[in-house]
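In the numbering used here, the protein residues as written are 794 to 961.
We put the CB at the ideal spot given by N, CA and C, even for glycine.
First comes the structure, then the notes that go with it.
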């Protein structure tokens, strides 16, 4: 037996053991899920919002913002104002993209969500609000950009100009 064949056999044995363990866990997973009486979203320890939920999607945030503006316009028209403007529009914040060559914009504040666009390095963007999401280089903050398309960008690659945005 050559000295080189022994590590090869040990590696194969290790791979077989690991494959068996993964197969056993995969087979046991449906039983563990069936034994859990509460769905994942209703557990008591779930305190942070799920970044994959629809409430944090950029399009849902845009619809909510537009609905508030429409409601404010209707209330102003009921009061007899000819040029209806929202009484207190939500402040927008500014930031500069520091990602080279560009920053990818996403539908939700996660790295695995769909890419909906990009913004070039040095571009000044309007930030609507901030939330927590996937960690990007040690920063879990994400900004909802409201200029052009409503999309999420990682705060790791956007530096604030002025004050920091409010939480969504």
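Unbroken beta strand (DSSP E) run spanning residue i, endpoints
{"i": "residue 887", "result": "886-890"}
{"i": "residue 895", "result": "895-899"}
{"i": "residue 754", "result": "Because the chain spans 794 through 961 in this model, residue 754 falls outside it and cannot be assessed."}
{"i": "residue 913", "result": "908-913"}
{"i": "residue 949", "result": "Premise fails: residue 949 is in no beta strand (DSSP E) and is neither H nor E."}
{"i": "residue 934", "result": "932-938"}
Residue j beta carbon less than 9 Å from that of residue i
{"i": "residue 805", "j": "residue 850", "result": "no"}
{"i": "residue 896", "j": "residue 919", "result": "no"}
{"i": "residue 890", "j": "residue 873", "result": "no"}
Contact belief for residue i with residue j at Cβ below 8 Å, rounded distance in angstroms
{"i": "residue 921", "j": "residue 939", "result": "4 Å"}
{"i": "residue 958", "j": "residue 923", "result": "5 Å"}
Same chain, Cβ closer than 6 Å to residue i, five either side skipped, listed in chain order
{"i": "residue 871", "result": "none"}
{"i": "residue 953", "result": "888"}
{"i": "residue 925", "result": "933"}
{"i": "residue 783", "result": "Residue 783 is absent from the model: the chain starts at 794 and stops at 961."}
Close-in-space but distant-in-sequence residues of the same chain around residue i (CB under 8 Å, 5 per side omitted)
{"i": "residue 909", "result": "851, 898, 899, 900, 942, 944"}
{"i": "residue 931", "result": "949"}
Bridge partner(s) assigned by DSSP for residue i
{"i": "residue 943", "result": "DSSP output for residue 943 lists no bridge partner at all."}
{"i": "residue 960", "result": "923"}
Cβ-based neighbour list, residue i, same chain, cut-off 7 Å, excluding 5 preceding and 5 following
{"i": "residue 905", "result": "none"}
{"i": "residue 964", "result": "Past the boundaries of the shown model lies residue 964; the chain is included only from 794 to 961, so the question cannot be answered."}
{"i": "residue 907", "result": "899, 900"}
{"i": "residue 964", "result": "With the chain covering 794 to 961 only, the question about residue 964 has no answer from this structure."}
{"i": "residue 825", "result": "Only weak support exists for where residue 825 lies, its pLDDT of 42 falling under 50; the coordinates are left without a value."}
{"i": "residue 857", "result": "none"}
{"i": "residue 960", "result": "922, 923, 924"}
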